[in-house]
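Enquirer: Could you have a look at this structure, given as C-alpha cells, before my questions?
Number of protein chains: 2
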Amino acid sequence: MNAERFRAHYRIRCPADQVDQRAAALAVEQSVEMPPTAIRDAVVLRDVLATVATIESDPAGDSHRVVLSLSVAATGLEAGQLLNMLFGNSSLHDEVTLLDVELPPSICDALPGPVAGAAGIRERLGVPDRALTCSALKPIGSPPEALADLAYAFAVAGIDLIKDDHGLADQPFAPFAERVALVQRAVARANRETGRRAIYAPCISGGPTRLAEQARVVHDEGVQMVLACPMLLGVPSFIDAVRLAMGVPVLAHPAFAGAARIAPALLLGRLFRAFGADATIFPNHGGRFSYDRETCLAIAAAARTTQGTHRAILPIPAGGMRVERVEEIVADYGRDVVLLIGGNLLEAGDAMSERIEQFVARVEACTGPQAGSS
Amino acid sequence: MNAERFRAHYRIRCPADQVDQRAAALAVEQSVEMPPTAIRDAVVLRDVLATVATIESDPAGDSHRVVLSLSVAATGLEAGQLLNMLFGNSSLHDEVTLLDVELPPSICDALPGPVAGAAGIRERLGVPDRALTCSALKPIGSPPEALADLAYAFAVAGIDLIKDDHGLADQPFAPFAERVALVQRAVARANRETGRRAIYAPCISGGPTRLAEQARVVHDEGVQMVLACPMLLGVPSFIDAVRLAMGVPVLAHPAFAGAARIAPALLLGRLFRAFGADATIFPNHGGRFSYDRETCLAIAAAARTTQGTHRAILPIPAGGMRVERVEEIVADYGRDVVLLIGGNLLEAGDAMSERIEQFVARVEACTGPQAGSS
Chain Z
1 MNAERFRAHY
11 RIRCPADQVD
21 QRAAALAVEQ
31 SVEMPPTAIR
41 DAVVLRDVLA
51 TVATIESDPA
61 GDSHRVVLSL
71 SVAATGLEAG
81 QLLNMLFGNS
91 SLHDEVTLLD
101 VELPPSICDA
111 LPGPVAGAAG
121 IRERLGVPDR
131 ALTCSALKPI
141 GSPPEALADL
151 AYAFAVAGID
161 LIKDDHGLAD
171 QPFAPFAERV
181 ALVQRAVARA
191 NRETGRRAIY
201 APCISGGPTR
211 LAEQARVVHD
221 EGVQMVLACP
231 MLLGVPSFID
241 AVRLAMGVPV
251 LAHPAFAGAA
261 RIAPALLLGR
271 LFRAFGADAT
281 IFPNHGGRFS
291 YDRETCLAIA
301 AAARTTQGTH
311 RAILPIPAGG
321 MRVERVEEIV
331 ADYGRDVVLL
341 IGGNLLEAGD
351 AMSERIEQFV
361 ARVEACTGPQ
371 AGSS
Chain U
375 MNAERFRAHY
385 RIRCPADQVD
395 QRAAALAVEQ
405 SVEMPPTAIR
415 DAVVLRDVLA
425 TVATIESDPA
435 GDSHRVVLSL
445 SVAATGLEAG
455 QLLNMLFGNS
465 SLHDEVTLLD
475 VELPPSICDA
485 LPGPVAGAAG
495 IRERLGVPDR
505 ALTCSALKPI
515 GSPPEALADL
525 AYAFAVAGID
535 LIKDDHGLAD
545 QPFAPFAERV
555 ALVQRAVARA
565 NRETGRRAIY
575 APCISGGPTR
585 LAEQARVVHD
595 EGVQMVLACP
605 MLLGVPSFID
615 AVRLAMGVPV
625 LAHPAFAGAA
635 RIAPALLLGR
645 LFRAFGADAT
655 IFPNHGGRFS
665 YDRETCLAIA
675 AAARTTQGTH
685 RAILPIPAGG
695 MRVERVEEIV
705 ADYGRDVVLL
715 IGGNLLEAGD
725 AMSERIEQFV
735 ARVEACTGPQ
745 AGSS
C-alpha cells in the first residue's frame with residue numbers, strides 16, 4: 001500500500017464544543033465510511049483512514065478550518081475518484097465547504113493539466129503580451145449562417161477568441177457539425193483578410209458517443225480550441241473525451257459549477273486547471289452574478305500560481321461585462337487576461353461594429369505595446 | 375423551429391419589489407443569455423426565449439416560487455444540455471434554487487429511464503413483494519479477497535443486494551477487474567449453496583476509456599447490476615457509458631450531488647430516474663446526514679409516481695441506518711423499498727453473521743408473506 005498522504009481544507013460550521021467530533025466524522029466519511037473500531041485491517045487503519053491534521057476556529061467559535069490528511073492511493077490517481085474522496089458524501093453535509101486542496105506531485109502528474117496554457121494560447125494567436133479579447137456567438141436559436149456572419153464580424157473587427165455561447169449544443173436549429181464548419185470557415189476567411197489569427201472555440205457537449213462525433217468534426221475542420229463545461233460533462237469525461245481526445249486548448253465554462261459548495265478559486269481555478277483547462281471563465285464582480293472582487297482575484301491567482309508541472313492558464317472574467325469597464329478589468333487582473341464581452345457588443349445593434357472596434361482599441365490602448373505599464 | 379415548451383420551478387430569494395425583474399432576468403439567463411432587445415430574430419424571441427409563467431410569493435414576501443416556460447428545442451433532447459437549460463448559469467446565483475421540472479413526453483421519451491425499475495429488480499432477485507435488503511463491501515483499502523469473503527458472508531446470510539462501497543474505484547489495492555471477478559464468483563457460489571439469487575453491484579467510475587474497460591468486465595463476468603455516481607461521472611456519461619452501454623440495472627449513488635442547489639426529490643428522485651437509475655440511494659433522516667423526513671419521503675414519491683414511460687424505481691434510504699430501525703423505515707416507505715445497512719453490520723465484529731441474520735429476519739417479519747399489512 002502506498003502510504004502517501006495529501007491535505008484537504010474544509011470549513012465546518014458548528015458549535016465549538018462539537019468540532020472535534022465533527023472533524024473526526026468528516027475524516028471517516030471521506031475515507032473508510034464505516035466505524036474505525038470495526039476495521040481489523042491494520043494497513044487500512046494506518047494508510048487509508050483519513051486523519052484530522054489541524055483545526056483552527058474563528059474568534060466567534062462557530063466556523064472552523066479543518067485540515068484532513070487523505071490517502072493518495074485511495075484516489076486511484078483518477079480525477080472523479082479524487083473529487084469523491086474530497087467531497088463525495090460531504091457534499092451532502094450542508095455545514096461543510098471544501099476550501100482548498102494541496103495537490104502533491106503524484107496527483108498533479110496524474111492529472112493532465114493544460115495543453116497550452118496562457119503562453120500557448122498567446123503563441124497560437126500571435127499576440128505576445130497585450131490583454132486578449134473574446135466574444136460569444138449568440139443567441140441560441142440562431143441558424144448556423146447567422147452565427148457564422150457574427151463570427152466573421154467579430155474576427156474582422158479584431159476579436160481574438162470567438163466562442164460559442166455555452167447554450168449552443170447540438171440542437172436542430174444549429175447542429176454541431178454544420179455550425180462548426182460554417183463558423184470555422186467564416187473565421188478563416190476573416191483571418192485571410194486581416195492577416196490576424198483569430199480562433200473559434202465551439203461548445204462541446206453530451207456523452208461519450210456525441211463527444212467522439214464532435215471530436216471528428218473538430219479534427220476534420222481544423223478547429224484550434226473548444227469550449228466545455230466540466231461540471232455538465234462530468235470531470236472524468238471532460239478529461240478523457242475533451243482534453244485528451246481533442247488535443248486542442250480548452251476554455252472551461254462554469255455552468256452547473258456554482259452550486260457546488262466548493263470554494264470558487266479551488267474549483268474554477270486550481271482544479272479546472274489540473275483537469276486540463278487552458279483558460280477559465282468565471283462571473284466577474286459587478287456583473288450579473290454575485291461573486292465579490294476578492295473571490296474573483298483568488299480565481300485568477302489560482303489560475304497562475306505554481307501548481308506542479310501545470311502551466312499557468314488565462315483567467316476570463318465575464319458575465320455581463322461592458323466595454324466601459326475594460327480599463328478597470330485590466331487594472332484588476334493585469335495584461336495576462338482575456339476580456340469576454342458578449343451581450344454588450346450585440347446590444348449596440350447597427351453600431352455593433354463600432355462598439356467591437358472600441359472594445360479592441362481600448363484593450364490595445366491600455367495593454368498594447370504603446371500603453372504605459374499596467 | 376419546434377415551439378414546444380416545458381416548465382421549470384425555481385425558488386428565488388429576494389425582496390418582493392425585485393422579484394419581477396429577477397424572474398425576467400432568470401428567464402434570459404437560462405435561455406438566450408443576452409438582452410432580448412438586442413435580438414432581431416423573431417423566431418428566437420418567440421420560440422427560444424424563456425418566459426415567466428407564474429410567480430407566487432410566500433407570505434413574508436422574501437421567497438418566491440417562479441415558474442419559467444422553457445424551449446424544448448433548446449435542450450436538444452440531451453440530458454447534459456437539459457441540465458444546462460435548467461440550472462447552468464443560475465447555479466452561480468446563490469439566491470436561486472431549482473425546485474421541480476415538469477418533464478413533457480418529448481423529453482421523457484428522449485431520456486432512457488430505468489432498464490428494469492423496481493419490478494425488474496424484484497424479478498431478477500425472485501423476491502416479489504417483501505422489502506429488499508442491501509449491504510456494502512467496506513472499507514476501501516481492503517484487498518479483493520477480503521471483499522469477496524465479506525460478499526460471500528452477506529449472500530449466505532440472506533442479503534439481496536451487495537454493493538461496492540462507492541469509494542471503491544479502480545485503486546491499486548483492489549483493481550476493478552480483479553475485485554469484480556472475485557466478488558461476483560463469491561456471490562455466485564453463495565447463491566448455489568442457498569438457492570437464492572443475491573446480486574452484486576460493483577462501483578463504476580472514471581472517464582469513457584475506463585468505463586469501456588469496466589463494461590467489458592461487467593459483461594465477461596456476468597455482472598447483473600452496477601452502482602454509479604451520476605454527479606461524479608457526469609450525467610451524459612452516466613447515460614451513455616453506464617445505463618446504455620452496460621445494459622444492467624443501476625443503483626444511483628448521491629455522491630457529489632448534495633451540494634447542488636437542486637431540490638433532492640427532483641435530482642435524486644425524478645431526474646436520476648429519468649437518466650436511467652433503477653434504484654436511488656439517499657441519506658435517510660436520523661442518520662449521518664441532514665435531510666429531514668419530508669425531504670426523504672418526497673424523494674421516495676418521486677421515485678414512484680407516474681413519469682411518462684419511466685418505470686417506478688426503488689428508494690434506498692441509507693447513510694448510517696441500523697438494524698433497530700428496520701420497522702420504522704418500513705413504516706415510512708412501505709414494502710417497496712431497499713433497506714441499506716453497512717457499518718452497523720460490520721461493527722458487530724465476530725457477531726456479524728448473527729446481526730446480518732437479524733437484519734434479514736426483521737425485514738422478513740415485517741414485510742414478508744407472514745407479516746401483517748405494513
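Residue numbers (the working numbering), protein chains in the order written: chain Z, 1 to 374; chain U, 375 to 748.
Even for Gly, the Cβ is constructed at its ideal location relative to N, Cα and C.
Would U:P689 pass as a contact of U:A672 if the rule is Cβ separation under 7 Å?
Expert: Contact: no.
Enquirer: Rounded to whole angstroms, how far is the Cβ of Z:D94 from the Cβ of Z:G308, which I believe are closer than 8 Å?
Expert: With 8 Å as the limit, Z:D94 and Z:G308 do not qualify as a contact, their Cβ atoms being about 32 Å apart.
Enquirer: Identify every run of the alpha helix (DSSP H) within the stretch 158 to 223 of chain Z, keeping only runs that are complete inside it and at least 4 residues long; order them along the chain.
Expert: Qualifying alpha helix (DSSP H) stretches, in chain order: 176 to 194 and 208 to 220.
Enquirer: Compute the distance between the beta-carbons of Z:A116 and Z:D278, then report whether it is under 7 Å.
Expert: Yes. Within cutoff.
Enquirer: By Cβ distance, which residues of its chain are closer than 7 Å to U:S747, with the 5 residues on each side in sequence left out?
Expert: Low confidence applies here, because U:S747 scores a pLDDT of 49, under 50, leaving its location unreliable; read the following figure in that light. Result list for U:S747: empty, nothing under 7 Å.
Enquirer: With C-beta atoms as the reference, is Z:G320 less than 7 Å away from Z:R288?
Expert: Cβ distance < 7 Å, so Z:G320 and Z:R288 count as in contact.
Enquirer: Kindly confirm or deny that the stretch 127 to 143 of chain Z and the stretch 417 to 426 of chain U touch, where touching means at least three C-beta pairs closer than 8 Å.
Expert: Touching, per the Cβ criterion.
Enquirer: Assuming Z:V127 and Z:A151 form a contact by the criterion Cβ under 8 Å, report the distance between their Cβ atoms to the nearest whole angstrom.
Expert: The Cβ separation is near 18 Å, so there is no contact.
Enquirer: Just to make sure I have the definition right: I need the residues of chain Z whose C-beta is within less than 7 Å of the C-beta of U:F649. Which are they?
Expert: Chain Z residues near U:F649: none, gap ~10 Å exceeds 7 Å.
Enquirer: Could you pull out every unbroken beta strand (DSSP E) segment of at least 3 residues lying fully inside the stretch 655 to 738 of chain U, listed in chain order?
Expert: Taking only runs of at least 3 residues, the beta strand (DSSP E) segments lying wholly in the stretch 655 to 738 of chain U are 688 to 692 and 712 to 714.
Enquirer: Could you name the residues of chain U that Z:Q81 contacts, counting a contact when the two beta carbons are closer than 7 Å?
Expert: Residues of chain U passing the Cβ test: A543 and S579.
Enquirer: With 7 Å as the threshold, decide whether the Cβ of Z:L268 is near any Cβ in chain U.
Expert: Z:L268 does not count as touching chain U.
Enquirer: Does DSSP put Z:S142 in a helix, in a strand, or in coil?
Expert: In the structure shown, Z:S142 sits in coil (DSSP, three-state: anything other than H, G, I, E or B).
Enquirer: Please identify the residue among Z:R130, Z:R122, Z:M85 and Z:R189 whose C-alpha is closest to the C-alpha of Z:D149.
Expert: Checking every option, the nearest Cα to that of Z:D149 belongs to Z:R189.
Enquirer: Classify Z:V72 as helix, strand or coil using the three-state DSSP reduction.
Expert: The answer is coil: DSSP assigns Z:V72 none of H, G, I, E or B.
Enquirer: What is the rounded straight-line gap between the Cα of U:R696 and the Cα of U:V402?
Expert: The alpha-carbon atoms of U:R696 and U:V402 are separated by roughly 47 Å.
Enquirer: Which ranges does the alpha helix (DSSP H) cover as unbroken runs of at least 4 residues, wholly within the stretch 87 to 127 of chain Z, from first to last along the chain?
Expert: Correct list: 105 to 110 and 117 to 125.
Enquirer: Is it buried or exposed, Z:Q30, if we count other Cβ atoms within 10 angstroms and call 16 or more buried?
Expert: Flag for Z:Q30 reads buried.
Enquirer: Determine, for Z:S63, whether the minimum Cβ-Cβ distance to residues of chain U falls below 7 Å.
Expert: Not one chain U Cβ lies under 7 Å of Z:S63.
Enquirer: Run through chain U and tell me which residues come within less than 8 Å of Z:G343, C-beta to C-beta.
Expert: Here the neighbours are E407, M408, P409 and A412.
Enquirer: Any C-beta of chain Z sitting closer than 7 Å to the C-beta of U:A525?
Expert: Cβ-Cβ to chain Z under 7 Å: no for U:A525.
Enquirer: Note the first and the last residue of the continuous beta strand (DSSP E) segment covering U:F348.
Expert: This structure cannot settle anything about residue 348 of chain U, because the visible part of chain U is limited to 375 through 748.
Enquirer: Since U:V624 is in the beta strand (DSSP E), which residue starts that stretch and which ends it?
Expert: First-last of the beta strand (DSSP E) with U:V624: V624 to A626.
Enquirer: Is there contact between the stretch 621 to 639 of chain U and the stretch 698 to 708 of chain U, where contact requires at least three CB pairs shorter than 8 Å?
Expert: The stretch 621 to 639 of chain U, when compared against the stretch 698 to 708 of chain U, does not touch it at the 8 Å Cβ threshold.
Enquirer: Taking 8 Å as the limit between beta carbons, can you name the residues of its chain near Z:S63, skipping five residues before and five after?
Expert: Only R11, I12, R13 and S57 meet the Cβ criterion.
Enquirer: In whole angstroms, what separates the C-alpha of U:L472 from that of U:L535?
Expert: So the alpha carbons of these two residues sit roughly 32 Å apart.
Enquirer: Taking 8 Å as the threshold, find out whether the stretch 584 to 599 of chain U comes into contact with the stretch 615 to 627 of chain U through three or more Cβ pairs.
Expert: Counting Cβ pairs under 8 Å, three or more are found: they touch.
Enquirer: Rounded to the nearest angstrom, what separates U:F528 and U:G632 at their Cα positions?
Expert: Spanning the two alpha carbons is a distance of roughly 29 Å.
Enquirer: What would DSSP say about Z:E56, mapped onto helix, strand or coil?
Expert: If DSSP states are grouped into helix, strand and coil, Z:E56 belongs with the strands.
Enquirer: Between which two residues does the beta strand (DSSP E) harbouring Z:L132 extend?
Expert: Per DSSP, Z:L132 belongs to the beta strand (DSSP E) from L132 to L137.
Enquirer: Between the alpha carbons of U:P409 and Z:L340, how many angstroms are there, rounded?
Expert: Between U:P409 and Z:L340, the C-alpha separation is close to 16 Å.
Enquirer: Give the interface partners of U:H540 over in chain Z, defined as CB-CB distance under 9 Å, in chain order.
Expert: Going along chain Z in sequence order, the residues near U:H540 (Cβ under 9 Å) are E33, N84, G88 and N89.
Enquirer: Should Z:A201 go down as buried or exposed, given a rule of 16 or more other Cβ atoms within 10 Å for buried?
Expert: Per the 10 Å Cβ criterion, buried.
Enquirer: Can you check which of these residues, U:N463, U:R617 and U:V712, is closest to U:T741 by C-alpha distance?
Expert: Here the closest residue by C-alpha is U:V712.
Enquirer: Given a cut-off of 7 Å on the beta-carbon distance, is the pair U:T654 and U:A686 in contact?
Expert: For U:T654 and U:A686, no; Cβs fall outside 7 Å.
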